[in-house]
C-alpha cells in the first residue's frame, strides 16, 4: 500500500474525531514459537498499538491487520507535530466507522516485519548479528498465531471483529479459520484467497531487484544498509500496481516537471509521474527492510487457502464469524472477482457472508480511501447482530 | 514484445508458406542526419531485410515497423537450423496475410537500436568508443525519417502500406503523417497516440533499474558488458505488461517447479512463473543493449501526437492513407480505448479510417498472435481499393 502521506484520500493533520496521541508498545513472548515450517524461535516480540478500552466482558476487541508495507501504527499520531497519522486514521477513531469509544482496537506489526516486531533484522542471540535470511520462513498462519498470543496477553476473550485489506484481508480470513470460536466477525477488503500468476510475477521481480543488488549480500548487511537500490526499484514497481491507470492519469497525466522544459532530451526526470515514483522509492528505503520485503512477499505468494485445506469451501468450513468481503472495481492487483470468489465460497460452506463491491478509481489502494460508502459498510457490519454484552454507553 | 520463441502463438519451425532463408543487409547514409533535437550525425546505418520483389511501378512496398525489443528480422530464418524465425513470421510470407508474392516487404532495425542500426553502441568516430548516452536523442519521428531514406535508397516510389504494432504502430502513424503522398495505407495495432502515466511509469522503473545498476556507469561500458542485472529486471517487469493475467494464469497458474517440493521455504525459484520470468530476463540481456533500452523507451514516452501537432485531429490532417486501427480486448498496456481514439480522431479529421477490436486474452502481445481473424483483417485491408498497378499474376 502507499504511504499515508502520499495517499490523497488520507488526512494529513489531526481533525476532531481523530484519536490523538498514541504510543506503540512491545509484547514479548518468552515461550518457544513454532513456525509452520517447523522452525522454532525461543520467543518473539510484536510491536503493537491499542486504542479504546477493553470492556468488562473482554469481548469488544477489533483486530486490525496491516498490508505488506504497513505496520502497527494505524491511527492517531506519535507526536502532535506529526504530519503523518496512522495508515487507517480515516477509518479508526472516536465516533468513526471503527469507533474507539466502543471498541478496543489492536494492531500489531507482523512477525517478519521491520517496525519493531521480530523479523530478519532482529538479532540472533546465537551469532549476535541480525538473522538476515536465517530468520524462520514466515507464513500468514504464523502472523495469525503470533497475534493470537498478543490478544491473549491483552486479556481479550474474543474478537468483535478482525479487519484488514490486501495482505491484511488474508490475515483476517486466516484468523477466522484458525480461531473460529474466538472470532465473531471478519471483514476482508481488496484481498484474495490466493494470488494469481501475475501478482506472484510482480513480487518476484521485486525480490530479484533486491537479491541481485550486490548490497543485498545474501541477506547479510548492517541495519540501515542493504540493497537500497533494489528495494527502491521493487517499491516503485509495486506502487504502480497499488494504484490505477485512471488515478495516475488524473494525478499526473503526461505533465512534465517544470525543470524539464518542454522537450528535455535526456534521461533525467521529465514527467511528474517519474519524480513521484522516485520519491516513493526513496521514502520506502528509509523505513523498510529489504529482507522483510522478501519474507512478507513470500508469505503473500505462498498464501493459498484452497491448496492448504483442499478447497476454499473446506478452508472456510470451521468459520463461525459473520463475514463481509469488499472488492473495489478499479483494483487490478486483487480484482473484484477474486474477492467475490471468497464470499461465494463462504456462502457455499454455509456461512453468513456478504459481498460488497465499491466503484472507485484509485485501484488496489482504494481500501485506504476516504469513502462514506466504505465507512457506512464497516460501521453497519460492526453493529450487525450486536451482542448485548457490548457497552453502548461508553 | 516477447521473444518469438517464447510466444505460444508463433511457429518455431519452418512450414510450407514460410519465406525460408533470408539475410539482413545494411544501408548506410553518408549524408548528415539531423535529429528532431537538432543534433546531427555525419551519417547513419540501418540494418534491414526485404522479402519479395519491388514491382515495375515500384509501388508495392510494405514497410513493417517493429516494437521496442523487436528488430529488422520479421520473417523467415537466417539459417535452416534456426529454431527461431522472424518475429512476425506468422503474418508475412508467400500466400500469407502480408503476401511476399505480391508485396515487397521492408523491415529495418530502428535508429537508436542495437541490432545493426546506428545507436548508442555504435562507435563515435571522434572518440573511437561507443557513443553511449552521447548518441543523439532519438524520437519516433527520427526513426520514420531514417526509414524513408532507406526506402528511397531501395527505389520505392510509394508505400502500398506501413504496418506495425505497439511502438511499430506509433511509427506507422507517424510515417503516414510525415509522408502523406508516399503512404497509401496505414495499419496500426495495439498502439497509442500517447502513453498514459501508467505506461510511462513502467518504463521509468525499467530505466531506473538500468541506470542505478553500478555497471551502467553513466552509459559507458564495453560491448557485451553493462548493466546486465538492471536490464534483466527491466525486461522481467516489462514482460508482465506484455501479457495478461488470464494468459499467465493459463500458462503457469500457481504451479510450482518440480524442484520446489510442495513447500520450499526459501527465496529460490518456487513457482513456474518465476522461472519463466528469470529466463525472459536472462535471454534479453544476451541480445539487447541497455542504452538502447533507455533511448527507445524515452522515444515511446515522448511520443505524443496531440501535443506535437496541437490536437490529434490536427496531427492527422495531412494523412492521405486509408487507415485500419486494431485494438485487442486484453491489452492493458495500450488498451482498446487508446486505439479507438486514434480511429475516431482520423474520422473526425475526415480520413478513411476503420477500427477493429479483436477479442483475445493474450494481452498487449496479442498482435503477434496466430489469429485467422487478424490475418483476414490484414489481408482484406491490403487488398482494399487495390491499385491496378499491382501485378496480381506474380
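Protein chains in written order, with the numbering used here: chain A, 770 to 1163; chain B, 770 to 1163. Yeah, the Cβ is synthetic: ideal placement off N, Cα and C, and Gly gets one too.
- For residue 1046 (chain A), the closest C-alpha among the options B:1050, B:950, B:791 and B:974 is that of B:974.
- Rounded to the nearest whole angstrom, the CA to CA distance from residue 830 (chain B) to residue 927 (chain B) is 7 Å.
- DSSP places residue 850 (chain A) outside both helix and strand once states are collapsed to three, so it counts as coil.
- Interface annotation, residue 990 (chain A): not in contact with chain B, CB-CB separation never under 9 Å.
- If you check the CB distance, residue 819 (chain A) and residue 884 (chain A) do not come in under 9 Å.
- Between residue 945 (chain A) and residue 953 (chain A), the alpha-carbon positions lie close to 8 Å from each other.
- DSSP places residue 1142 (chain B) inside the alpha helix (DSSP H), whose first and last residues are 1141–1152.
- In the DSSP annotation of this structure, residue 1023 (chain A) is not part of any beta strand (DSSP E), being labelled neither H nor E.
- The segment 1082–1093 of chain B and the segment 1113–1122 of chain B touch, with no fewer than 3 CB-CB distances between them shorter than 8 Å.
- Going by C-alpha positions, residue 937 (chain A) is about 10 Å away from residue 961 (chain A).
- If you check each beta-carbon in the segment 1084–1112 of chain B against every beta-carbon of chain A, none falls closer than 7 Å.
- In the three-state DSSP reduction, residue 813 (chain B) falls in the strand class (E or B).
- Residues of the segment 1038–1058 of chain B with a Cβ closer than 9 Å to any Cβ of chain A, in chain order: 1038, 1039, 1040, 1041, 1042, 1043, 1045, 1046, 1047 and 1050.
- The straight-line gap separating the alpha-carbon atoms of residue 1104 (chain A) and residue 859 (chain A) is approximately 23 Å.
- Counting along the chain, residue 1092 (chain A) sits inside the beta strand (DSSP E) bounded by residues 1091–1097.
- From the beta-carbon of residue 1023 (chain A), the residues of chain B found nearer than 9 Å are 963, 964, 965, 966, 969, 1070, 1073 and 1076.
- The Cβ atoms of residue 881 (chain B) and residue 1064 (chain B) lie closer than 9 Å to each other.
- Of the candidates A:821, A:837 and A:904, A:904 places its Cα closest to the Cα of residue 807 (chain A).
- Boundaries of the beta strand (DSSP E) harbouring residue 929 (chain B): 928–934, taken from the DSSP string.
- Taking C-beta separations shorter than 7 Å and ignoring five residues to either side along the sequence, the partners of residue 1116 (chain B) in its chain run 1122, following chain order.
- For residue 1063 (chain A), the residues of chain B that pass the 8 Å Cβ criterion are 1036, in the order they occur in the chain.
- Contact between the segment 1048–1064 of chain B and the segment 1012–1027 of chain B is absent, with fewer than three C-beta pairs closer than 8 Å.
- In this structure, residue 790 (chain B) keeps its C-beta atom at 9 Å or more from the C-beta atom of residue 842 (chain B).
- Under the Cβ criterion of 9 Å, residue 1026 (chain A) is not counted among the residues facing chain B.
- Within the segment 982–1010 of chain A, the residues whose Cβ lies closer than 7 Å to some Cβ of chain B are 998, 1002, 1005, 1006 and 1009, listed in chain order.
- Proximity to residue 1003 (chain A) across A:1052, A:900, A:1131 and A:919 peaks at A:1052, based on C-alpha coordinates.
- Only exposed fits residue 801 (chain A), as fewer than 16 other CB atoms lie within 10 angstroms of its CB.
- The straight-line gap separating the alpha-carbon atoms of residue 826 (chain A) and residue 870 (chain A) is approximately 16 Å.
- At least one CB atom of chain A sits nearer than 9 Å to the CB of residue 977 (chain B).
- When the Cα atoms are used, residue 839 (chain A) and residue 932 (chain B) turn out to be separated by approximately 47 Å.
- Rounded to whole angstroms, the gap between the alpha carbons of residue 981 (chain B) and residue 872 (chain A) is 47 Å.
- Annotation: the segment 783–845 of chain A contains the following complete segments of the beta strand (DSSP E) (minimum length 3 residues), in chain order: 794–798, 813–820 and 830–834.
- Residue nearest to residue 1054 (chain A) within the set A:922, A:1039, A:1147 and A:997 is A:997 (criterion: CA-CA distance).
- Taken in chain order, the whole alpha helix (DSSP H) runs of length 4 or more contained in the segment 953–1000 of chain A are 966–980.
- In this structure, residue 1062 (chain A) lies near residue 976 (chain A), with their beta-carbon atoms less than 9 Å apart.
- DSSP, read as helix, strand or coil, puts residue 1014 (chain B) in helix.
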